[in-house]
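Undergrad: Dumping the structure here so I can ask a few things about it.
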Amino acid sequence: MVTPLTNAIIAFVIAWILSMLLTRTLIPFLEKKQFRQFVREEGPKSHLKKTGTPSMGGIAIISGSVIAGLAMTIVSGGFDLNALVPMVVMALFGLIGFLDDYEKAIKKNNLGLNPKQKIVLQLVFSIGFAIYAANYSGGLSGGGSQVWIPLVDQYIDFGWLYIPFVVFVMVAMSNAVNLTDGLDGLASGVTALVAVFMIVAGVGFGFSTEVIFFGAIGGGCIGFLMYNKNPARIFMGDTGSMALGGALAAGAVMMKVEFLLAMAGLIYVLEALSVVIQVAWFKKTGKRVFKMAPLHHHFELCGMSERKVVAMFWTATLVFCLIGILIMNV
1023 MVTPLTNAII AFVIAWILSM LLTRTLIPFL EKKQFRQFVR EEGPKSHLKK TGTPSMGGIA
1083 IISGSVIAGL AMTIVSGGFD LNALVPMVVM ALFGLIGFLD DYEKAIKKNN LGLNPKQKIV
1143 LQLVFSIGFA IYAANYSGGL SGGGSQVWIP LVDQYIDFGW LYIPFVVFVM VAMSNAVNLT
1203 DGLDGLASGV TALVAVFMIV AGVGFGFSTE VIFFGAIGGG CIGFLMYNKN PARIFMGDTG
1263 SMALGGALAA GAVMMKVEFL LAMAGLIYVL EALSVVIQVA WFKKTGKRVF KMAPLHHHFE
1323 LCGMSERKVV AMFWTATLVF CLIGILIMNV
């Protein structure tokens, strides 16, 4: 008998191969079309040499993940609307990122869509998904508005607070992954690890189609990482980071394990918090808490090489995922 874990592993491998091949094909195409990265002048000076590197590589991650996820879900006989929705969410959030990347390429700067345009689109897609999720009951939970609470090992019904809660999770995670995508291989490596953790969580909670989805995401990230590792030949851009953030959040919401995702993806949380703290403290005192935000830039300016910072964040993510597994079994 083929188990959900086996299906997830197969989806992982298929997405890995597809993403790798698509990324390799995209590099010369994006170079020819002048879809290149424009590095912020206020960022670390060592990053200025990255200007001109092809961006929008997230197209390969999305394509590889969705194709592998759909194929394995259909083959496993578990295809239905619940299986399709997280993939649609991934594509929609990727669309937001694509519009942003396209604007940057056309204007040849690092501005893209303005913050208001981004947040409006994120809210529209998140609200639509939250309404759907509120009426979806899956796994071991007793209702669509229930959320599993770690340590106490109980589902709590959020009632009317559920929709705003899901909207917050979606918007926060998509932006947090976007902020994490600042070093070669950082976001793709961290997300691959988190996706593998979510496979383990999904199997533990009795899900099948959701673990296939996470298997595809993990494989898509690894395939892309082949060309995104330092020195990166291509960047995922907002196309990839927005899509991955939306996908992780959507999958976690479907499994009712949003708090577990925050534990495994604590790097995302810390990256986002570093920006919030930096901005708030600077507005209040005129001084900075970190040398630069997001957090990975702080460590760079403290003298660590880019590769060491990425390795440290990957290792931290692995530890956070192991802690998440322990929490599941408490």
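Going letter by letter, the sequence shown gives residues 1023 to 1352 in our numbering.
We treat Cβ as the ideally placed atom computed from N, Cα and C, and that holds for glycine.
Could you tell me the boundaries of the alpha helix (DSSP H) in which Ile1239 lies?
TA: By one-based count along the sequence shown, residue 1239 stands at place 217. Per DSSP, the continuous alpha helix (DSSP H) segment holding Ile1239 begins and ends at 1231 to 1250.
Undergrad: Is Ser1230 close to chain B? Criterion is C-beta to C-beta, closer than 7 Å.
TA: Structure shown: chain B not included; a single protein chain is present.
Undergrad: Is the beta carbon of Gly1346 sitting closer than 7 Å to the one on Ala1254?
TA: On the sequence shown, position 324 is the one that residue 1346 refers to. On the sequence shown, position 232 is the one that residue 1254 refers to. No; because the gap between Cβ atoms is not below 7 Å, this pair is not in contact.
Undergrad: Which residue's Cα is closest to the Cα of Phe1219: Gly1091, Thr1073, Leu1288?
TA: Residue mapping note: residue 1219 aligns to position 197 of the sequence shown, counting from 1. Here the closest residue by C-alpha is Leu1288.
Undergrad: With distances taken from CA atoms, which of Lys1251, Ala1152, Met1078 is nearest Lys1278?
TA: Numbered from its first residue, the sequence shown carries residue 1278 at position 256. Nearest of Lys1251, Ala1152, Met1078 to Lys1278, Cα basis: Ala1152.
Undergrad: Decide yes or no for the touch test of the region 1238 to 1254 against the region 1090 to 1100: beta carbon pairs closer than 8 Å, at least 3 of them.
TA: yes
Undergrad: Rounding to the nearest angstrom, what Cα-Cα distance links Ser1041 and Thr1307 in this structure?
TA: Counting from one through the sequence shown, the residue named residue 1041 turns up at place 19. Counting from one through the sequence shown, the residue named residue 1307 turns up at place 285. In this structure, the CA atom of Ser1041 is about 46 Å from the CA atom of Thr1307.
Undergrad: Based on the DSSP secondary-structure assignment, which residues constitute the bridge partners of Val1291?
TA: Counted from its first residue, the sequence shown places residue 1291 at position 269. Bridge partners of Val1291: none, in fact.
Undergrad: Classify Val1169 as helix, strand or coil using the three-state DSSP reduction.
TA: In the sequence shown, residue 1169 corresponds to position 147, counting from 1. Strand.
Undergrad: Taking the DSSP output, what are the residues bridged to Arg1058?
TA: For the purposes of this step, residue 1058 is taken as residue 36 along the sequence shown, with counting starting at 1. According to DSSP, Arg1058 bridges with Pro1076.
Undergrad: Please name the residue in Glu1125, Arg1310, Leu1143, Ile1299 whose C-alpha comes closest to that of Leu1114.
TA: For the purposes of this step, residue 1114 is taken as residue 92 along the sequence shown, with counting starting at 1. Looking from the CA of Leu1114, the closest CA among Glu1125, Arg1310, Leu1143, Ile1299 belongs to Leu1143.
Undergrad: In chain order, what residues of the same chain have a beta carbon less than 7 Å from the beta carbon of Gln1300, not counting five sequence neighbours either side?
TA: Walking along the sequence shown from the start, residue 1300 turns up at place 278. Within the same chain, Gln1300 has close Cβ partners Arg1310, Val1311, Phe1312, Ala1315.
Undergrad: Could you tell me the distance, in whole angstroms, from the CA atom of Phe1057 to the CA atom of Gln1168?
TA: As a working mapping, residue 1057 is identified with position 35 in the sequence shown. As a working mapping, residue 1168 is identified with position 146 in the sequence shown. If I take the Cα positions, the gap works out to 43 Å.
Undergrad: Among Ala1265, Pro1076, Leu1348, which one has its Cα closest to the Cα of Val1222?
TA: Translated into the one-based positions of the sequence shown, residue 1222 becomes position 200. Checked all of Ala1265, Pro1076, Leu1348; the closest Cα to Val1222 is Leu1348.
Undergrad: Assuming Asn1250 and Asp1206 are in contact, meaning their beta carbons sit under 8 Å apart, how far apart are those beta carbons, in whole angstroms?
TA: Locating residue 1250 in the sequence shown gives position 228, where the first residue counts as 1. Locating residue 1206 in the sequence shown gives position 184, where the first residue counts as 1. About 6 Å; that satisfies the 8 Å criterion.
Undergrad: In the DSSP assignment, the alpha helix (DSSP H) including Ile1349 goes from what residue to what residue?
TA: Walking along the sequence shown from the start, residue 1349 turns up at place 327. Boundaries of the alpha helix (DSSP H) around Ile1349: 1328 to 1350.
Undergrad: Between which residues of its own chain and Pro1076 is the CB-CB distance below 8 Å, once the five residues before and five after are set aside?
TA: Here residue 1076 is taken as the residue at index 54 of the sequence shown, counted from 1. The answer, listed in chain order, is Leu1048, Ile1049, Leu1052, Glu1053, Phe1057, Arg1058, Gln1059, Arg1255, Ile1256, Phe1257.
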